[in-house]
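Participant: So that you can map any letter, position 86 of the sequence shown is 86 in full-length UniProt numbering, and since no number is skipped, the others follow by simple counting. Quick reminder that beta carbons are idealized off the backbone N, C-alpha and C, glycines included.
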Amino acid sequence: MYSQTKIAIPIFQENCKDVIAVAEDCIEKGADILEFRIDALKNPDISEIKDTINEINFPMIATNRIDSEGGSFKGSEEERIDILYECCNLVDYVDIELQSKDEYINRIHDTGVKTIVSYHDFEKTPDLNEIMYIVEKEHELGDIAKVAFMPQDLEDTLTILAVLSHCEDTIAISMGDLGSYTRVMASKFDSPITFAAGTDVTAPGQIDIETMKALLNMDLNIMDE
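1. Taking the CB atoms as reference points, tell me whether Q9 and A196 lie closer together than 8 angstroms.
2. Would I61 pass as a contact of I33 if the rule is Cβ separation under 8 angstroms?
3. Apply the 10 Å Cβ neighbour rule to E14 and answer buried if 16 or more other Cβ atoms are within range, or exposed otherwise.
4. Between the Cα of E140 and the Cα atoms of D169, D39, D82, D208, which residue gives the shortest distance?
5. So what's F189 in DSSP terms, helix, strand or just coil?
6. With DSSP as the reference, identify every bridge partner of H120, one or two as the case may be.
7. Starting from I96, follow the beta strand (DSSP E) in both directions and report where the run begins and ends.
8. Tell me I7's beta-bridge partners as DSSP assigns them.
9. Can you tell me which of the three DSSP states K114 falls into?
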């Protein structure tokens, strides 16, 4: 029995040469998919970004995260979306935030690329009804919903598991050390993707790829016995 949940490793580097080097390391460590955090690039150039994606030649999520949700992109919103748009025919997924204008999300989605519509809150975890409302809105606009929240207590982490149990095609993460186990449990609910750390840790509570793979394999082996 094998988990259908893909392990994604984010790459957060200031130049494309280092992106390629880190990508090779992550692939060797067993990543199923890479998340190219374009917002980390010091001087993002679309031609260089495209060449980098082509050179890596591996399943990839293109993400150009806004600062209000933990990103580092310094340009205008139009520039941010234009970069994502130019990547659509080169990657497997594009991650775009729910708070982006609907016209921008639709522009990306209409290219035919699978869209991950995401929402992050690094301060708190809303109640279940509010999260379900967010996930519903994300599914209306894209293919996969993604929510990531910071827990204040164990109950908050259980709220995230409740979201996973109710929603298909959804990535739901409880961040920080308290919620790190939800990244492993995501596979039990057939979440399409979970995130682990390679060279770069891009969110609190990310588990390194070696540990993640070991935990998933241990869990599956127990189920097979």
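Facilitator: With the structure as the only source:
1. In the sequence as presented, Gln is not what sits at residue 9; that position holds Ile. In this structure, A196 lies closer than 8 angstroms to I9 by Cβ.
2. Yes; because the gap between Cβ atoms is below 8 angstroms, this pair is in contact.
3. Flag for E14 reads exposed.
4. Answer by Cα proximity: D169.
5. F189: helix per DSSP, three-state reduction.
6. Its beta-bridge partners are A148.
7. Element bounds for I96: 93 to 97.
8. Looking at the DSSP output, I7 sits in a beta bridge with T194.
9. Three-state DSSP puts K114 in a strand.
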